[in-house]
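In short: position in the sequence shown from 1, add 5, done, that's this note's numbering. Even for Gly, the Cβ is constructed at its ideal location relative to N, Cα and C. Here the structure is a predicted model, which means the values were calculated and not measured.
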Amino acid sequence: MDKFAGVCQSVLHDCKLTFLQILCDHDLFVEMPGRDPSDRNYLSSVLIQELFLTWDHDDLTQRAKAARILVVLMCKHEFDSRYQKREDKLYIAQLYFPLIGQILDEMPVFYNLNAVEKREVLIVVLQIIRNLDDASLVKAWQQSIARTRLFFKLLEECLVVFEHKKPADSLLMSCSSRSPDSEAPASPKYSDRLSPAINSYISEASRQEVRTQGTPENGYMWHKVSPQLSSPSQPYSLREALAQAQSSRIGTSTRALRESLHPILRQKLELWEENLSTAVSLQVLEMTDKFSSAAASHSIATDFGKLDCITSIVMGLFSRSQPLAFWKALFPVFNNVFNLHGATLMARENDRFLKQVAFHLLRLAVFRNDSIRRRAVVGLQILVRNSFYHFTNTTRLRVMLTITLSELMSDVQVTQMKYDGSLEESGEARRLRKSLCEMADEDRCLELIEESGLPRNALEAVPGGSTDTCWSWHEVRHLSECLLQALDAGLEHALLGSVMNVDRYAAAESFYKLAMAYAPVPDLHIMWLLHLCDAHQEMQSWAEAAQCAVAVAGVIMQALVGRNDAVWSRDHVAALRKICPMVSDAVNAEASAAEVEGYGASKLTVDSAVKYLQLANKLFSQAELHHFCASILELIIPVYKSRRAFGQLAKCHTSLTNIYEAILEQESSPIPFIDATYYRVGFYGERFGKLDRKEYVYREPRDVRLGDIMEKLSHIYESRMDGATLHIIPDSRQVNAEELQSGVCYLQITAVDPVMEDEDLGSRRERIFSLSTGSVRARVFDRFLFDTPFTKNGKTQGGLEDQWKRRSVLQTEGSFPALVNRLLVVKSESLEFSPVENAIGMIETRTAALRNELEEPRSSEGDQLPRLQSLQRILQGSVAVQVNSGVLSVCTAFLSGEPATRLRSQELQQLIAALLEFMAVCKRAIRVHFRLIGEEDQDFHTQLVNGFQSLTAELSHYIPAILSEL
């Protein structure tokens with residue numbers, strides 16, 4: 006052998022391999038000594054050397070022969086009854102262990118092998134390490150970091166080569182009902198002389214008994230040879246069938262070979278392949294567990310900064326299709342690895358690994374197999390435990406899980422078609438929801454842990470030097486709720502389907518809910534806010550679109566302020582919050598926690614914040630909300646100042662000048678500026694689903710009238726009634742849902758007025774001019790009111806002496822302008838005014854309007870004309886002869902006859918005082934009017950004087966003191 010060692014002629018090399026094969030086939034081969042009595046088997050080292058040299062040959066026949074010699078030899082050792090003791094198996098493994106070292110030294114030789122040869126070499130490698138003791142493995146891992154890494158690369162190759170891919174979706178492995186029915190291209194799994202007994206893995210797999218779904222009469226499929234299976238054309242033995250298929254060149258591909266088999270043999274082959282794949286995965290898992298324990302004591306050579314040997318294997322195991330037996334074994338190892346190396350695995354350097362683990366745990370949480378699904382829940386709890394232990398909170402883990410849930414939602418089908426063609430929540434979504442709920446279920450926690458084979462205290466997170474656990478069920482429930490919110494938002498968005506093009510309100514709310522659900526991840530939060538901004542611009546809802554742009558800028562500003570790397574401060578964030586209350590005022594570490602690989606850094610810059618502030622400025626300008634524009638420019642100016650960008654600063658100050666001039670024009674206009682109209686919409690009827698018995702306030706453009714919104718909402722909801730009748734309730738009376746007709750849907754639409762911040766809601770005055778008084782303030786409203794006339798006899802309208810008024814005040818969930826066009830009413834209150842209070846309120850309203858016009862400061866003589874026009878309009882409605890009936894009718898109703906006797910003295914005095922004050926202000930206004938008019942208005946002034954005198958004379962019949970007062 007020494008003379009022919011190494012590379013030689015092909016014929017000689019083939020003879021050498023045959024000679025070695027004959028020698029190794031000797032019954033006492035294992036017990037053969039070395040050249041010296043102290044040496045081990047000399048022939049085994051020669052064999053290893055020669056076989057490895059053969060694998061480096063170009064001759065494919067000799068390479069296949071070399072691999073086959075080793076496989077047959079290992080198979081013979083494994084089933085030799087003389088070597089079944091543990092120490093015998095260890096001795097044999099140590100004989101062949103140098104082969105693994107040879108492969109690690111020359112990895113290119115291994116990579117150059119074809120798929121069949123790799124499969125046979127790797128099965129030998131697995132057989133060797135399975136019987137090795139821990140000391141030998143640790144010694145192998147102590148040599149160098151690079152060599153240790155190559156060892157685990159070899160194990161990764163085992164997972165790839167022996168991976169079993171099922172041809173179709175199964176109840177055990179499926180996580181999605183959309184699993185492809187076709188098999189992905191795979192490497193050949195069968196050598197030219199396939200043997201089910203190449204090692205104990207295949208041996209154990211081939212001995213498994215399978216009961217089919219339709220069990221035959223004899224009970225088990227393999228107890229009795231079926232006559233039709235023993236025919237020459239269809240051999241009974243799987244081994245014979247495969248050999249026959251390959252010899253006839255049927256098995257040119259895995260699929261063709263499988264399809265050539267009888268269904269029963271095909272089922273047996275599937276079981277065999279799956280068991281082999283599982284055994285390989287379990288062997289690799291065992292090696293990982295041993296390596297993890299050795300790494301914990303720092304007794305080996307590896308990269309302790311990232312533990313890439315562990316992370317790569319764990320990801321290889323998670324990402325492959327595995328049966329229940331494997332998952333049962335995985336999670337105790339998973340728990341042990343995170344117990345020992347949690348600090349390293351949870352560090353930012355391992356973000357990619359942690360993100361992939363989170364993804365696969367959520368993927369397992371969708372599985373139909375409940376046992377696997379529950380173990381995935383425990384896996385998520387292990388991540389939560391480590392988050393508490395190392396960070397005392399779940400902030401960063403929440404970001405990680407939110408990101409992975411977003412990615413999973415694109416793979417999982419969350420909706421399915423019902424029999425009537427509509428969509429409903431799918432089984433996958435329901436299972437994921439159940440898993441996320443169980444993750445925070447304190448009562449079932451111990452049951453799940455024990456079922457997974459973990460110790461009862463597996464979730465205790467007690468840092469060193471402390472006796473108290475950091476685990477907080479309250480925070481875990483918050484984490485679960487955040488993930489469920491994201492799931493619900495995605496589901497609701499999917500269920501809308503084609504309705505999104507019709508119901509733009511629901512579409513906007515859907516984008517809004519997605520944006521809020523993904524708020525922990527700035528990139529995802531911004532993405533959905535920008536989708537919402539685009540949707541509003543299509544609807545020409547400029548104010549809402551601007552709020553979306555402000556919200557995006559707020560997210561970026563908060564992150565920059567939290568990192569202390571911007572020109573802004575917390576005060577600037579607070580100023581932005583006055584424009585968009587949705588912007589949080591708490592600048593915390595969440596932004597830094599969201600810095601996950603691939604997320605968080607792309608849009609969080611000062612330039613991007615300025616870009617969205619400028620977009621908001623443009624959109625607010627289109628909405629004519631100029632006071633917001635001024636506030637936004639004041640946030641942009643500090644950036645340009647810090648950069649000494651004087652050209653940009655000049656533009657900003659020019660824009661500010663134009664904005665303040667526009668605000669001044671709005672304030673000085675005799676016609677009150679209205680930026681929007683508001684409507685309360687009540688939904689009543691089961692067909693409305695979640696909207697049933699809820700009230701919303703809608704914000705519409707200022708030119709939308711009550712009839713317009715009635716028509717729009719009728720069009721939206723009539724198409725979704727499925728034959729049910731839709732009625733519009735024409736008035737604003739209080740609705741008792743129990744009294745409405747069942748099976749009919751009702752919409753109640755009422756115009757409402759926004760309530761100013763300092764407004765007295767208990768005032769009896771009418772609100773005709775309330776929004777035009779004072780200067781234009783920031784138009785942010787979260788309270789609205791409407792007045793409903795009624796009488797005690799049940800009629801809506803009556804005489805002045807019978808006319809009551811109910812003032813309803815609505816509180817919305819947020820403030821307008823908001824990120825959406827409608828806000829839920831969360832609180833509703835009502836006040837009632839008696840007939841005399843109504844009358845006094847009407848007179849006080851007119852008095853206040855006149856006084857406001859007289860006392861309004863004017864900045865220049867140029868303002869006299871609009872002041873005169875406004876004064877003439879109000880006076881004409883107060884003292885002109887043709888409209889005197891308003892004040893006179895009050896006197897007739899309450900100061901004469903029976904009604905006057907029913908008034909309390911206090912009410913009577915208040916009414917008389919209101920009338921006297923009204924007349925005094927009218928007299929003063931007429932004098933001011935005389936000073937302002939020219940020749941062309943003398944006739945109109947004369948009419949006003951005559952009307953005032955006539956009105957005074959009429960009132961003197963009811964209030965004699967009015968003559969002396971005026």
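From Glu670 to His962, what distance separates their C-alpha atoms? What you label residue 670 is simply residue 665 of the sequence shown in a count that begins at 1. What you label residue 962 is simply residue 957 of the sequence shown in a count that begins at 1. So the alpha carbons of these two residues sit roughly 45 Å apart.
Mark Ile987 as exposed unless 16 or more other C-beta atoms lie within 10 angstroms of its C-beta, in which case mark it buried. Because the chain is modelled from 6 through 971, residue 987 falls outside the range shown and cannot be assessed.
Cα-Cα separation, Ala330 to Ser376: By one-based count along the sequence shown, residue 330 stands at place 325. By one-based count along the sequence shown, residue 376 stands at place 371. Going from the Cα of Ala330 to the Cα of Ser376 covers about 10 Å.
Going by Cα to Cα distance, which pick from Thr793, Pro822, Phe821, Val831 is closest to Ser813? Position 808 of the sequence shown, counted from the first residue, corresponds to residue 813. Looking at the Cα atoms, Thr793 is the closest of the given residues.
How would you call Gln386, buried or exposed, if buried means at least 16 neighbouring beta carbons within 10 angstroms? Counted from its first residue, the sequence shown places residue 386 at position 381. By the neighbour-count rule (16 or more Cβ atoms within 10 Å), Gln386 is buried.
Can you give me the Cβ contacts of Ile964 inside the same chain, cut-off strictly under 8 Å, excluding the 5 residues immediately before and after it? For this step, residue 964 is matched to residue 959 along the sequence shown. Excluding positions up to five away in sequence, the list reads Cys896, Leu900, Ile917, Leu920, Leu921.
Leaving out five residues before and five after Asp508 in sequence, what residues of the same chain have Cβ atoms less than 7 Å from its Cβ? Counted from its first residue, the sequence shown places residue 508 at position 503. Excluding sequence neighbours, Asp508 sits near Ile721.
Starting from Val732, trace the beta strand (DSSP E) both ways and give me its first and last residue. Here the question's residue 732 lines up with position 727 in the sequence shown. Note that residue 732 corresponds to His in the displayed sequence, not to Val. 730–734 is the extent of the beta strand (DSSP E) around His732.
Which term fits Gly384, buried or exposed, when burial requires 16 or more other beta carbons within 10 angstroms of its beta carbon? As a working mapping, residue 384 is identified with position 379 in the sequence shown. Looking at its Cβ environment, which holds 16 or more other Cβ atoms inside 10 Å, Gly384 is buried.
Can you grab the Cα-Cα spacing for the pair Ala628 / Asn826, in whole Å? Numbered from its first residue, the sequence shown carries residue 628 at position 623. Numbered from its first residue, the sequence shown carries residue 826 at position 821. In a straight line, the C-alpha of Ala628 is about 14 Å away from that of Asn826.
If you draw a straight line from the C-alpha of Lys518 to the C-alpha of Val555, how long is it? Counting from 1 along the sequence shown, the entry for residue 518 is found at position 513. Counting from 1 along the sequence shown, the entry for residue 555 is found at position 550. Whole-angstrom Cα-Cα distance: 17 Å.
If you draw a straight line from the C-alpha of Lys194 to the C-alpha of Lys170, how long is it? In the sequence shown, the residue the question calls residue 194 occupies position 189. In the sequence shown, the residue the question calls residue 170 occupies position 165. Here Lys194 scores only 44 on pLDDT, less than 50, and its place in the model is too uncertain to base an answer on.
Skipping 5 residues on each side, what residues in its chain have a beta carbon closer than 7 Å to that of Thr755? Along the sequence shown, read from residue 1 onward, the residue named residue 755 stands at position 750. Cβ neighbours of Thr755 beyond the five flanking positions: Tyr684, Arg685, Ser737, Phe791.
Assess, as a yes-or-no matter, whether the region 571–580 is touched by the region 636–652 under the definition of 3 or more beta carbon pairs within less than 8 Å. yes
Measuring only the C-alpha atoms, how far is Ala614 from Val578? Within the sequence shown, the letter at position 609 stands for residue 614. Within the sequence shown, the letter at position 573 stands for residue 578. Whole-angstrom Cα-Cα distance: 12 Å.
Residue burial classification, Val831 (beta-carbon count within 10 angstroms, cutoff 16): In the sequence shown, counting from the first residue as 1, residue 831 sits at position 826. Classification of Val831: exposed, given that the 10 Å Cβ count is below 16.
Can you tell me whether DSSP reads Thr850 as helix, strand or coil? By 1-based counting over the sequence shown, the position of residue 850 is 845. It is helical.
Test item: CB-CB of Leu529 and Ser415 under 9 Å: Within the sequence shown, the letter at position 524 stands for residue 529. Within the sequence shown, the letter at position 410 stands for residue 415. Going by C-beta atoms, Leu529 is not nearer than 9 Å to Ser415.
For the alpha helix (DSSP H) that contains Trp478, what are its first and last residues? Counting from 1 along the sequence shown, the entry for residue 478 is found at position 473. Taken as a continuous stretch (DSSP letters only), the alpha helix (DSSP H) holding Trp478 covers 478–501.
Whole runs of the alpha helix (DSSP H) within the region 894–926, excluding any shorter than 4 residues: 902–907
Consult DSSP for Ile305 and reduce its assignment to one of helix, strand or coil. In the sequence shown, residue 305 corresponds to position 300, counting from 1. In the structure shown, Ile305 sits in coil (DSSP, three-state: anything other than H, G, I, E or B).
State the DSSP-derived secondary structure class of Lys646, mapped to helix, strand or coil. Taking the first residue of the sequence shown as position 1, residue 646 is located at position 641. Residue state, collapsed to three classes: helix.
By how many angstroms is the C-alpha of Phe923 removed from the C-alpha of Glu849? Here residue 849 corresponds to residue number 844 of the sequence shown, with the count starting at 1. Here residue 923 corresponds to residue number 918 of the sequence shown, with the count starting at 1. Near 7 Å, if we compare the C-alpha coordinates of Phe923 and Glu849.
Starting from Glu549, follow the alpha helix (DSSP H) in both directions and report where the run begins and ends. The residue given as residue 549 occupies position 544 in the sequence shown. That run of the alpha helix (DSSP H) goes 547–568.
Can you tell which of Arg878, Val749, Glu549 has its C-alpha closest to the C-alpha of Val733? In the sequence shown, residue 733 corresponds to position 728, counting from 1. Here residue 733 turns out to be Ile, not Val, going by the sequence shown. Comparing Cα-Cα distances from Ile733 to each of Arg878, Val749, Glu549, the minimum goes to Val749.
Count the other C-beta atoms from every protein chain shown that fall within 10 angstroms of the C-beta of Arg87, then say buried if there are 16 or more, exposed otherwise. Counting from one through the sequence shown, the residue named residue 87 turns up at place 82. Exposed, because fewer than 16 other Cβ atoms sit within 10 Å of the Cβ of Arg87.
Do you know offhand how far Asn663's Cα is from Glu842's? What you label residue 663 is simply residue 658 of the sequence shown in a count that begins at 1. What you label residue 842 is simply residue 837 of the sequence shown in a count that begins at 1. If I take the Cα positions, the gap works out to 45 Å.
Do you know whose CA, among Ile938, Leu287, Glu700, Glu705, lies nearest Gln816's CA? Within the sequence shown, residue 816 is the residue found at index 811, counting from 1. Nearest C-alpha to Gln816: Glu700.
Thinking C-beta only, is Met422 closer than 9 Å to Val362? Sequence index remark: in the sequence shown, residue 362 carries index 357 (1-based). Sequence index remark: in the sequence shown, residue 422 carries index 417 (1-based). No, they are not a contact pair.
If we ignore side chains and look at the alpha-carbon of each, how far apart do Leu131 and Met444 end up? For this step, residue 131 is matched to residue 126 along the sequence shown. For this step, residue 444 is matched to residue 439 along the sequence shown. Their backbone Cα atoms lie some 37 Å apart in a straight line.
C-alpha gap between Ile938 and Phe693, whole angstroms: Counting from one through the sequence shown, the residue named residue 938 turns up at place 933. Counting from one through the sequence shown, the residue named residue 693 turns up at place 688. About 59 Å.
Can you check which of these residues, Ile637, Cys442, Pro677, Ile676, is closest to His658 by C-alpha distance? Counted from its first residue, the sequence shown places residue 658 at position 653. Checking every option, the nearest Cα to that of His658 belongs to Ile637.
Could you give the C-beta distance for Tyr617 and Val557, rounded to a whole number, given that I count them as a contact under 8 Å? As a working note, residue 617 is residue 612 in the sequence shown. As a working note, residue 557 is residue 552 in the sequence shown. The Cβ separation is near 5 Å, so the contact holds.
If we call anything under 9 Å between Cβ atoms a contact, is Val933 one with Leu859? Here residue 933 corresponds to residue number 928 of the sequence shown, with the count starting at 1. Here residue 859 corresponds to residue number 854 of the sequence shown, with the count starting at 1. Yes, the pair counts as a contact, with Cβ atoms nearer than the cut-off.
So does the region 478–486 actually touch the region 500–507, counting three or more Cβ pairs closer than 8 Å? no
Helix or strand or just coil, what does DSSP make of Gly819? Within the sequence shown, residue 819 is the residue found at index 814, counting from 1. The answer is strand: DSSP assigns Gly819 an E or B state.
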